[in-house]
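Here is the structure we will look at.
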Amino acid sequence: MADFRILHRYATSLLETSIEKKNLDVVTSDMQLLVETLDKSKQLQLMLESPVVKPEVKLNILREIFSSKISKDSMDFIEFVILKQRESLLNSIGKRFLELRDEYLRIANVFVTTATEFTTDQKSLLERKLEKILDKKVRLNFKTDSNLVGGFIAKVNDTLYDASIKHQLELLKKQFLTGDISLN
Numbered sequence: 001m002a003d004f005r006i007l008h009r010y011a012t013s014l015l016e017t018s019i020e021k022k023n024l025d026v027v028t029s030d031m032q033l034l035v036e037t038l039d040k041s042k043q044l045q046l047m048l049e050s051p052v053v054k055p056e057v058k059l060n061i062l063r064e065i066f067s068s069k070i071s072k073d074s075m076d077f078i079e080f081v082i083l084k085q086r087e088s089l090l091n092s093i094g095k096r097f098l099e100l101r102d103e104y105l106r107i108a109n110v111f112v113t114t115a116t117e118f119t120t121d122q123k124s125l126l127e128r129k130l131e132k133i134l135d136k137k138v139r140l141n142f143k144t145d146s147n148l149v150g151g152f153i154a155k156v157n158d159t160l161y162d163a164s165i166k167h168q169l170e171l172l173k174k175q176f177l178t179g180d181i182s183l184n
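Under this note's numbering, the letters of the sequence shown match residues 1 to 184, in that order.
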């Protein structure tokens with residue numbers, strides 16, 4: 001929990017600074033690159049977490065990787081995090097920054113599971129409906145699961161919208177078993 005408070009503080013600071021300096025889009029791209037790179041390279045993440053590797057070495061490695069690919073502000077932020085000996089949290093700080101940025105811009109990440117691939121029209125319709133329900137812009141992430149039979153399940157944070165046929169059949173079965181349904 002202490003780590004979350006720390007990384008939240010750093011991510012919030014980065015967000016506020018990037019808004020103030022009007023370079024939110026640039027810093028967002030930089031943090032996406034940082035997170036993608038650290039997620040793909042477990043060796044790099046392990047190096048950042050290692051107490052054996054000196055902070056100067058870590059900083060030099062990150063400069064070598066990122067200095068030509070990210071903005072000076074983002075590189076300065078990374079250097080500051082390393083200076084404060086919080087480099088093991090860099091990936092988590094980057095991810096938290098992206099979450100806070102989405103909150104700030106009122107963007108909801110929606111994870112949609114469908115029985116079959118949705119058409120472009122179905123995706124657009126679902127996007128409009130969810131934007132109206134959530135009163136936010138939505139970013140849809142799709143995956144398919146043939147076990148659903150039909151329909152979809154949309155997950156937004158801790159809320160689940162289950163419009164799958166499998167779920168409807170389960171509800172119908174429950175009603176039959178409890179006697180809450182009549183055939184008239």
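Ideal placement from N, C-alpha and C gives every residue a C-beta, glycine not left out.
In this text, all values refer to a predicted model and were calculated from it rather than measured experimentally.
- Residues Thr113, Thr114, Ala115, Thr116 and Glu117 of the same chain have their beta carbon placed closer than 8 angstroms to that of Thr144, with the five preceding and five following residues left out of the count.
- Put simply, of Asn109, Pro55, Asp180 and Tyr104 the residue whose alpha carbon is nearest the alpha carbon of Ile19 is Tyr104.
- Rounded to whole angstroms, the gap between the alpha carbons of Asn60 and Glu131 is 44 angstroms.
- By the beta-carbon neighbour count (other beta carbons within 10 angstroms, threshold 16), Val110 is buried.
- Residue burial annotation: Val57 is exposed, with fewer than 16 other C-beta atoms found within 10 angstroms of its C-beta.
- Non-local C-beta neighbours of Leu134 in its own chain, meaning closer than 6 angstroms and more than five positions away in sequence, comprise Ala108, ordered along the chain.
- In this structure, the straight-line span from the alpha carbon of Met47 to that of Val149 is close to 45 angstroms.
- Between Thr12 and the set Glu49, Leu38 and Asp102, the nearest pair of CA atoms involves Asp102.
- Between Met31 and Phe97, the C-beta gap is smaller than 8 angstroms, which places the two residues in contact.
- The beta carbons of Ile78 and Pro55 sit no closer together than 8 angstroms.
- For Ile165, the uninterrupted alpha helix (DSSP H) segment begins and ends at Ile165 to Thr178.
- Setting aside the 5 residues that flank it on each side, His8 is surrounded in the same chain by Arg96, each with a C-beta closer than 7 angstroms to its C-beta; the list follows chain order.
- Rounded to the nearest angstrom, the Cβ distance from Leu125 to Leu15 is 32 angstroms, too far for a contact under 8 angstroms.
- Taken through DSSP and simplified to helix, strand or coil, Lys155 comes out as strand.
- Per DSSP, the continuous alpha helix (DSSP H) segment holding Leu126 begins and ends at Thr120 to Leu134.
- If you draw a straight line from the Cα of Ser74 to the Cα of Val27, it comes to about 6 angstroms.
- It is roughly 23 angstroms from the alpha-carbon of Glu49 to the alpha-carbon of Ser68.
- Burial state of Gly94 is buried, judged by a 10 Å Cβ sphere holding 16 or more other Cβ atoms.
- According to the DSSP assignment, Ile78 belongs to the alpha helix (DSSP H) that extends over Lys72 to Leu83.
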